[in-house]
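**Q**
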Amino acid sequence: MEQPSVCLWIKYETFTVGVLQIPPPSKFSMHYLRKMATYVRTKGGDGGYPRLSWPMWRHIACGKLQLAECLAWLYFETFDSLLERSAEERLEWAEAVSHCRSEEEIDKLKNKRSVDTLQFLLFLYVQQLNKVSLRTSLIGEEWPSPRSRSPDLDGKSNSQNKNMDDHNHLVFVLNHLSELLELLLDPEQLTASAHTTHDSMVSVEAVKALNFLIEGSVGQNEVIYPVHELALWQPILATSGYSRLSKMFCFHKLQAWLRSVLGPNPFGTAVCFQKGKKLAWAQQVEGTTKRAKIACNIYSAPKGHKVVVMTQVYKQTLAKSSDQLVGAHVKIHRCNDCYIYLLSPLRSVSIEKCRNTTFVLGPVQTTIHVHSCDDVKLIAICHRLSISSSSSCTFHCLTSTNPLIMSGNMNLTFAPYHTYYPMLEDHMARTGIATIPNYWNKPLYIGVDNNEMPVYQLLSPKEFYLFVIPFEIEGDTMEIPGGLPQPYEKAIRQREQKIQNWQKTIKEAGLSKEQRKLFQNLVEQEFCEWLDQTGHRQQLDSLIPAPTSSKQTTC
1 MEQPSVCLWI KYETFTVGVL QIPPPSKFSM HYLRKMATYV RTKGGDGGYP
51 RLSWPMWRHI ACGKLQLAEC LAWLYFETFD SLLERSAEER LEWAEAVSHC
101 RSEEEIDKLK NKRSVDTLQF LLFLYVQQLN KVSLRTSLIG EEWPSPRSRS
151 PDLDGKSNSQ NKNMDDHNHL VFVLNHLSEL LELLLDPEQL TASAHTTHDS
201 MVSVEAVKAL NFLIEGSVGQ NEVIYPVHEL ALWQPILATS GYSRLSKMFC
251 FHKLQAWLRS VLGPNPFGTA VCFQKGKKLA WAQQVEGTTK RAKIACNIYS
301 APKGHKVVVM TQVYKQTLAK SSDQLVGAHV KIHRCNDCYI YLLSPLRSVS
351 IEKCRNTTFV LGPVQTTIHV HSCDDVKLIA ICHRLSISSS SSCTFHCLTS
401 TNPLIMSGNM NLTFAPYHTY YPMLEDHMAR TGIATIPNYW NKPLYIGVDN
451 NEMPVYQLLS PKEFYLFVIP FEIEGDTMEI PGGLPQPYEK AIRQREQKIQ
501 NWQKTIKEAG LSKEQRKLFQ NLVEQEFCEW LDQTGHRQQL DSLIPAPTSS
551 KQTTC
């Protein structure tokens, strides 16, 4: 009888959301992680193993790995955010933080947090995805080699953002599988030279830790299983190396089995774009050579695996609010001169190589990452915002963690969240994001020297205006969640008072019918000129529904 076919792949979210897009600290190398693995096991239940407490990780990170405490918490909290928690649990944490009156009280809350020790070790190891080696920088070649690079969405190679390339995820794990497994072993399983022996054994608990990285299915079955359940599946026990006698896995057999069945992620961006359903959300603009390409796997992907990819949307307004987007990982690439509204609760968003575009997003449960963008405006509520290699961008955000400013940025502007749509509060509740805490105005430099001239500024209240979403949607939200900071609220009230005074002056001027008509024509003329000068006419024109006979692209 033919042996059942097991397919494994690398979990998309572990790398796209869990790996910070900066070179990792040098002490995240295997040498130091082995030492950490031994140390936490010796501490046992004292916050070391099997659950690693925040105080223990802070002691290791700051005292032994020489990390700043803010960076230590960033890694700890990033890993914690990947864990499956209900929206209610996330809101409870936000409420507890909002009640804290001092940093000491917040520290007491943090001290109660703990994570799975073995999975956290794997999390620290995979941060090396963005490691830059001296050798490759000297020879002008980036890892992985050109032969193993996967094509970008527009057919060109893309080595700039390894986090978003699921082919890179697979190559990384295959190249480092032996060390990843070694991290899970009991220290006595390693030789004095820190290598496995032929009879090294891996516990079932250790294999369960691999669930952080790997999942799979049997044959064409759409049901997804964690890797440890597949490794313990009765028909393949001999292949996976499991011994009923010791109730453990043979290290080398387990490694060989994993290598033989690991393959491309059937729900990743590459497969989504090549085989997913093409969506006719955008129109092809006449007189241009660009074609909007939007694809998704939402009709075949199970919960937590939705991916939507859009690229080369050009000079259009694209708006969507539907179940198709709920909980999706969204990748937006090379969009220019657009207004893009995605008004649904999302899981994560990556915005790359976009220019002169405004993005208005529903609440994002994990991370929004903006990379290599210019003159982009982002309006969003999210758990975390990170920015790299971008310039002249403005961020109107409500975010429960400090925005991360990474390398290569110039002229960034941060401002308070300044809009709403009727379903917004309901969507916030579904993603577990509250209005407090809100760190929109407290960005953090990560992986960059901040002793030089600051690369960001806070928007002046004098330049602050509210943003109105021009669509009718049913719902109960009638105001900006959490309100506006006092200086910005004051600026809005003063501007409204000026408008009221101006209207009163016109009303009391005693103009004749002809004078009022002439005055109205002058105001409309000035307004039209302002629309042309600012580029807002494009947005207004694109809000007009296209004729039913117009053709829409389907790819």
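Sequence positions in the sequence shown follow full-length UniProt numbering and run 1 to 555.
Built from N, CA and C at the ideal position, the CB exists for glycine as well.
#1: Let's test the definition: count the other Cβ atoms within 10 Å of the Cβ of glutamate 215 and tell me whether it reaches 16, buried, or not, exposed.
#2: Are the CB atoms of glutamate 474 and proline 422 within a distance shorter than 7 Å?
#3: Roughly how far, in whole angstroms, is the beta-carbon of proline 24 from the beta-carbon of glutamine 128, given that I think they are within contact range, below 8 Å?
#4: Sort Ser350, Met56, Lys27 by Cα distance to leucine 65 and report the nearest one.
#5: Got a sec? Which residues, its chain only, sit under 6 Å from cysteine 382 by beta carbon, not counting five neighbours each side?
#6: Tell me, please, whether the stretch 42 to 53 touches the stretch 246 to 253 by the rule of three or more beta-carbon pairs shorter than 8 Å.
#7: Using the Cα positions of proline 264 and glycine 219, report the straight-line distance between them to the nearest angstrom.
#8: Closest to histidine 167 by CA distance: which of Gly408, Ile332, Lys320, Gly268 is it?
#9: Thinking lysine 517 and alanine 491 are a contact (beta carbons under 8 Å), I'd like their distance in whole angstroms, please.
#10: Where does the unbroken alpha helix (DSSP H) through histidine 31 begin, and where does it stop?
#11: In whole angstroms, what separates the C-alpha of aspartate 116 from that of glutamate 489?
#12: For leucine 213 versus threonine 14, is the C-beta distance shorter than 7 Å?
#13: Here's the rule: buried if 16 or more other CB atoms are within 10 angstroms of the residue's CB, otherwise exposed. What is asparagine 501?
#14: Could you give the uninterrupted runs of the alpha helix (DSSP H) lying entirely in the stretch 86 to 111, keeping only those of 4 residues or more?
#15: Indicate the three-state DSSP secondary structure (helix, strand or coil) for tyrosine 125 in the structure shown.
#16: By the three-class DSSP mapping on this structure, what secondary structure does histidine 383 have?
#17: Per the contact definition of three or more C-beta pairs closer than 8 Å, is the stretch 348 to 355 in contact with the stretch 408 to 427?
#18: Let's see if you can read the secondary structure: which residues bound the alpha helix (DSSP H) around glutamine 274?
#19: Looking at the strands, I want to know which residues DSSP matches up with alanine 429.
#20: Kindly give me the distance between the Cβ atoms of leucine 325 and valine 308, rounded to whole angstroms, as I take these residues to be in contact under 8 Å.
#21: On the CB-based measure, 16 or more other CB atoms within 10 Å of its CB, does glutamate 182 come out buried or exposed?
#22: Is glutamate 496 helix, strand or coil when you go by DSSP?
#23: Does DSSP put glutamine 119 in a helix, in a strand, or in coil?
#24: List the residues that DSSP assigns as beta-bridge partners of threonine 399.
#25: Tell me the residue span of the beta strand (DSSP E) that contains histidine 169.
**A** For this structure:
#1: Taking the first residue of the sequence shown as 1, we reach residue 215 at position 215. Counting the other CB atoms within 10 Å of its CB gives glutamate 215 a total of 16 or more, which places it among the buried residues.
#2: On the sequence shown, position 422 is the one that residue 422 refers to. On the sequence shown, position 474 is the one that residue 474 refers to. Yes.
#3: Residue numbering aside, residue 24 sits at position 24 when the sequence shown is read from its first letter. Residue numbering aside, residue 128 sits at position 128 when the sequence shown is read from its first letter. With a Cβ gap of about 6 Å, proline 24 and glutamine 128 count as contacting.
#4: The count along the sequence shown starts at 1 and reaches residue 65 at position 65. Here the closest residue by C-alpha is Lys27.
#5: Numbered from 1 along the sequence shown, position 382 holds the residue referred to as residue 382. Closer than 6 Å at the Cβ level, and outside the excluded window around cysteine 382, lie Val364, Ile368, Thr399.
#6: Because the criterion of three Cβ pairs below 8 Å is not met, the stretch 42 to 53 and the stretch 246 to 253 do not touch.
#7: Position 264 of the sequence shown, counted from the start, is the residue given in the question as residue 264. Position 219 of the sequence shown, counted from the start, is the residue given in the question as residue 219. Our two residues, proline 264 and glycine 219, have alpha carbons roughly 14 Å apart in a direct line.
#8: Looking up residue 167 in the sequence shown gives position 167. Closest option to histidine 167, Cα to Cα, is Gly268.
#9: For the purposes of this step, residue 517 is taken as the residue at position 517 of the sequence shown. For the purposes of this step, residue 491 is taken as the residue at position 491 of the sequence shown. A Cβ-Cβ distance of about 33 Å is found for the pair lysine 517 and alanine 491, leaving them out of contact under the 8 Å criterion.
#10: By one-based count along the sequence shown, residue 31 stands at place 31. Counting along the chain, the alpha helix (DSSP H) containing histidine 31 begins and ends at 30 to 43.
#11: Translated into the one-based positions of the sequence shown, residue 116 becomes position 116. Translated into the one-based positions of the sequence shown, residue 489 becomes position 489. So the alpha carbons of these two residues sit roughly 44 Å apart.
#12: Here residue 213 is taken as the residue at index 213 of the sequence shown, counted from 1. Here residue 14 is taken as the residue at index 14 of the sequence shown, counted from 1. Yes, the pair counts as a contact, with Cβ atoms nearer than the cut-off.
#13: Locating residue 501 in the sequence shown gives position 501, counting from the first residue. By the C-beta density criterion, asparagine 501 is exposed, having fewer than 16 other C-beta atoms within 10 angstroms.
#14: Complete alpha helix (DSSP H) runs here, min 4: 87 to 98, 103 to 110.
#15: Residue mapping note: residue 125 aligns to position 125 of the sequence shown, counting from 1. In this structure, tyrosine 125 counts as helix in the three-state DSSP scheme.
#16: By one-based count along the sequence shown, residue 383 stands at place 383. Histidine 383: strand per DSSP, three-state reduction.
#17: Counting Cβ pairs under 8 Å, fewer than three are found: no touch.
#18: Here residue 274 refers to the residue found at position 274 of the sequence shown. In the DSSP annotation of this structure, the continuous segment of the alpha helix (DSSP H) that includes glutamine 274 starts and ends at 269 to 275.
#19: Residue mapping note: residue 429 aligns to position 429 of the sequence shown, counting from 1. The beta-bridge partner set that DSSP reports for alanine 429 is empty.
#20: Stepping through the sequence shown from its first residue, residue 325 is reached at position 325. Stepping through the sequence shown from its first residue, residue 308 is reached at position 308. Yes, leucine 325 and valine 308 are in contact; Cβ-Cβ is about 7 Å, under 8 Å.
#21: Reading the sequence shown from its first residue, position 182 is the one you call residue 182. Counting Cβ neighbours within 10 Å, glutamate 182 comes out buried, since at least 16 surround it.
#22: Stepping through the sequence shown from its first residue, residue 496 is reached at position 496. Helix, per DSSP.
#23: Here the question's residue 119 lines up with position 119 in the sequence shown. Here glutamine 119 sits in helix by DSSP.
#24: Locating residue 399 in the sequence shown gives position 399, counting from the first residue. Answer is Cys382.
#25: To locate residue 169, count along the sequence shown from 1; it is residue 169. Unbroken run through histidine 169 is the alpha helix (DSSP H), 166 to 175; no beta strand (DSSP E).
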